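When we follow the working numbering, the leftmost residue of the sequence shown carries the number 15, and every step to the right adds one. Ideal placement from N, C-alpha and C gives every residue a C-beta, glycine not left out. From a predicted model like this one, the values you see are computed outputs, not experimental measurements.
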Amino acid sequence: MTLTDDYLRQLVAALWFVFCWLGYTRYAIWKGRDTPCLASVMALYREDWMRRMLQRDNRIADASVIGNLERNASFFASSTLIILAGIVTALGASDRAVSLLAELPFIEPVGRGMSELKLLLLAMVFVYAFFTFSWCMRQYNFAAVLLGSAPLLAERNVSDQERNIFAKRAAKLLSSAGNQFNLGLRAYYFGLAALSWFIHPWVFMVVTAGVVLVLYHREFHSRVLKVLTHTPAPIAAPSAQQEPREPDFH
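Below, the structure written as structure tokens:
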């Protein structure tokens, strides 16, 4: 295989990676507008949460939930910095990294320049992840401030319409933060797929397509989504003529 053919394979694999990532992101937004998905269903739950929050004066639990969500984003942001530090270290010692990879039996041998390009792609993926997680953290901080400014239940001068507008505004802010967290996690998924590029470009393309399938299934057809959208049928009251059954403890 000529050098030109090898670079062409690598280019096709990289373009396929970008196409799958950006294409699925746009597709998920488009399909989620008229199809139940985790993002749309959770947006409804967040609005319901904010409405119920306005019906109670003790909001310690609500602040605790927002704090936990913010800490989750903070954990991933910190982890992303550690990953980036490792990638930068590998770039600084690319000669040794190439020699170590060449010793592995299942790794396709490539030159130093191509290995550095692959590491740069990984770095860009996790730089994007860091920015999304850090922006998610800030939005949860904004939501905490918004929670502190929520009208109290005893404030009679606040109309129901104003409370409804506040609940929708707070829910949209929380949903925006949740969407940023989802984008950051998606970057991690595709970042793991990018590791397979060191094995072979065709393996890279297959793993990238597999990541898209996993994301699609979890977002639109997962068991969690079915649980969130399931409406249990009302349980019929026992008939007066029906004899009570003995409890079975076996």
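- Around the beta carbon of Gln-175, fewer than 16 other beta carbons lie within 10 angstroms, which makes this residue exposed.
- The residue from Leu-52, Leu-83, Arg-65 with its alpha-carbon nearest to that of Trp-149 is Leu-83.
- Rounded to whole angstroms, Ala-181 and Tyr-59 show a C-alpha spacing of 11 Å.
- Sequence-distant Cβ neighbours of Leu-197 in its own chain, meaning closer than 7 Å and more than five residues away, are Thr-146.
- One alpha carbon belongs to Leu-68, the other to Phe-89, and they sit about 30 Å apart.
- Straight across, the Cα-Cα distance linking Trp-35 with Ala-42 is about 11 Å.
- In the structure shown, Leu-68 falls within a coil segment according to DSSP collapsed to helix, strand and coil.
- Rounded to whole angstroms, the separation of the alpha carbons of Tyr-154 and Thr-243 is 25 Å.
- In this structure, Ala-201 places its C-beta atom within 9 Å of the C-beta atom of Ala-143.
- Burial state of Trp-211 is buried, judged by a 10 Å Cβ sphere holding 16 or more other Cβ atoms.
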